[in-house]
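Notes follow the structure.
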Amino acid sequence: MSIEIIQTDITTLRIDAIVNAANESLLGGGGVDGAIHRAAGPRLQEACRALPEFRPGVRCPTGEARITDGFELPARFVIHTVGPVWHGGGRGEPALLTACHRNALALAREHEVDSIAFPAISCGVYGYPRDAAAGVALSTLAEEQHRMHTPHRIILCAFDSGMAEAWRRAAERLHVAIAEG
Ligand code: APR
Numbered sequence: 060m061s062i063e064i065i066q067t068d069i070t071t072l073r074i075d076a077i078v079n080a081a082n083e084s085l086l087g088g089g090g091v092d093g094a095i096h097r098a099a100g101p102r103l104q105e106a107c108r109a110l111p112e113f114r115p116g117v118r119c120p121t122g123e124a125r126i127t128d129g130f131e132l133p134a135r136f137v138i139h140t141v142g143p144v145w146h147g148g149g150r151g152e153p154a155l156l157t158a159c160h161r162n163a164l165a166l167a168r169e170h171e172v173d174s175i176a177f178p179a180i181s182c183g184v185y186g187y188p189r190d191a192a193a194g195v196a197l198s199t200l201a202e203e204q205h206r207m208h209t210p211h212r213i214i215l216c217a218f219d220s221g222m223a224e225a226w227r228r229a230a231e232r233l234h235v236a237i238a239e240g
């Protein structure tokens, strides 16, 4: 069991599942969502469009997760989750971000995923402060891995060094052991 921190483009990872920081429509967007859809090819959007709507225009409510095939990605699966938009921290953002990580891991276990990579959910367009989001991610992932023992390999995949450093600071602050990737 390990948690790794790496800095790369998440779409290049040849692992069981990569997590997408999506929006509630699940029909793609910018940031990591756009990168994943571009790399996976058009069948990813088709697969997302085929998912049932929870309510008009919403296939995945904030905090929940959905799984699809990875299609042209090297990863087998994409686990789409929708992080909270940051409004200052008083609208349940930490609990929703915790739910994103927990629900993504629950789906991973249901599909016998043994290696999974998370981007910095909500830390881009959705404006979640990096250090606060890093604390939520590290504490949730460490707790879940300790409790359930799988996936054996959890990767935090930063697109820039600033986010990688925020995760490292959170791991140190929370005494979470980080495996060297
Ligand atoms: N690989 C890894 N991480 C990436 C990549 C990539 N190829 N591209 C971007 N990122 C990082 C960003 O640098 C940021 O740290 O992913 C993190 C999340 O940023 P966003 O992609 O903006 O996601 P988020 O803040 O959750 O906002 C989601 O943006 O793209 C739209 O459709 C998406 O509406 C949704 C919103």
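Plus 59 on top of the position in the sequence shown (first one is 1) and you've got my numbering. Here a beta-carbon is modelled for each residue, glycine too, at the ideal position from N, C-alpha and C. These numbers were taken from a predicted model, which means no experiment stands behind them.
Item, Value
"The stretch 85-93 in contact with the stretch 144-152 per 3-pair CB rule at 8 Å", "no"
"Ala176 (DSSP reduced to helix, strand or coil)", "strand"
"Gly100 Cβ short of 6 Å to the ligand APR heavy atom set", "no"
"Sequence ranges, alpha helix (DSSP H) only - wholly within the stretch 63-135, length at least 4", "90-99 and 101-108"
"Integer Cβ distance of Asn162 from Glu131, believed to fall under 8 Å", "With a Cβ gap of about 25 Å, Asn162 and Glu131 do not count as contacting."
"Best match in Thr70, His234, Ala179 and Ser198 for proximity to Ser220 [C-alpha to C-alpha]", "Ala179"
"Proximity test, Phe218 beta-carbon vs the ligand APR heavy atom, cut-off 6 Å", "yes"
"The ligand APR heavy atom lying under 6 Å from the CB of Gly151", "no"
"Met222 classed as buried or exposed, judged by whether at least 16 other C-beta atoms fall within 10 angstroms", "buried"
"Heavy atom of the ligand APR within 6 Å of Pro178 beta-carbon", "yes"
"Heavy atom of the ligand APR within 6 Å of Asp190 beta-carbon", "no"
"Sequence-distant residues of its chain with Cβ nearer than 7 Å to Gly90 (five each side left out)", "Ala80, Gly183 and Val184"
"Segment limits, beta strand (DSSP E) that includes Ala217", "Arg212 to Ala217"
"Segment contact flag, the stretch 152-166 with the stretch 194-203, C-beta cutoff 8 Å, min 3 pairs", "yes"
"Close beta carbons around Leu155, own chain, < 6 Å, minus the five adjacent residues each side", "Thr121, Gly122 and Pro143"
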